[in-house]
Amino acid sequence: MNAFVFVAILATASALPLEVFEDETGQEFAIVPLQRQRREVTWGANQGGYSLGQKGTLYNNGIHSLDGSISGSKAWGSHGLKPDSYNGRLDYGHKPSGSGAFISADRTPGWGTDVNAGAKYNIAGGKNWNADVTGQYGRHFGGPGGTGKPQAGVMLNVGGKF
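For the sequence shown, the positions run -15 to -1, 1 to 147 when mature numbering (1 follows the signal peptide of the UniProt record, and there is no 0) is used.
Below, the structure written as structure tokens:
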């Protein structure tokens, strides 16, 4: 099985096209596209326990951006290596309009999972004011209380600078 995986990886790597360029001295170079994004490790500790996570930009082309984060936390007195709770979140942003969306999930084994999603759309704006519509949905699944009722809301926001 290991040999099959190794051969599959080699076949895939050799099938990828590379652009080869030649400089004025006749030396050849293979150009590989670079897309390095910044990722950041987050950590913290307090009297209740400690947490560890990572967040970063998954995609950004100047117009659209996709950011993600994951984290886990553990109480000081709990046993084992598994985190007591963990969560993840994805954020999408459309930079020219300032609109965006997110989805997140928080899981605590034995207590259930909270799922949330939301979006913001800019309706209009000027130099010193803006108006947008924001919607959000959330629901709790599982745990001792069972699955909860969905909670949702839509808001119209208008703001200005004086």
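Every residue, glycine too, gets a C-beta built ideally from N, C-alpha and C. If you're wondering where the values come from, they're calculated on a predicted model, not measured in any experiment.
Cβ shell of residue i (< 6 Å), same chain only, five flanking positions each side left out
i	result
E89	Strictly speaking, residue 89 in this sequence is Ser, with Glu absent from that position. For S89, where only same-chain residues beyond five positions count, the Cβ hits under 6 Å are R74, N101.
A109	A116
Q136	G123
Outcome for residue i when other beta-carbon atoms lying within 10 angstroms are tallied against a minimum of 16
i	result
S36	buried
K146	exposed
P94	exposed
P68	buried
S63	exposed
K59	buried
Expected contact under 8 Å - CB spacing of residue i and residue j to nearest Å
i	j	result
W96	G128	5 Å
Rounded C-alpha distance that separates residue i from residue j
i	j	result
T27	N72	13 Å
Q121	Q12	57 Å
G47	S82	12 Å
Y106	D117	5 Å
Q32	A86	34 Å
K112	L43	31 Å
N142	T119	8 Å
K134	D99	11 Å
L51	Q39	14 Å
G138	F6	55 Å
F126	R92	9 Å
M140	S84	14 Å
S70	G34	11 Å
V(-11)	G144	57 Å
Segment limits, beta strand (DSSP E) that includes residue i
i	result
F147	Premise fails: F147 is in no beta strand (DSSP E) and is neither H nor E.
K105	97 to 110
E25	24 to 30
Q121	114 to 126
C-beta neighbour in chain B for residue i, strict 8 Å
i	result
L66	In the structure shown, chain B does not exist; there is a single protein chain.
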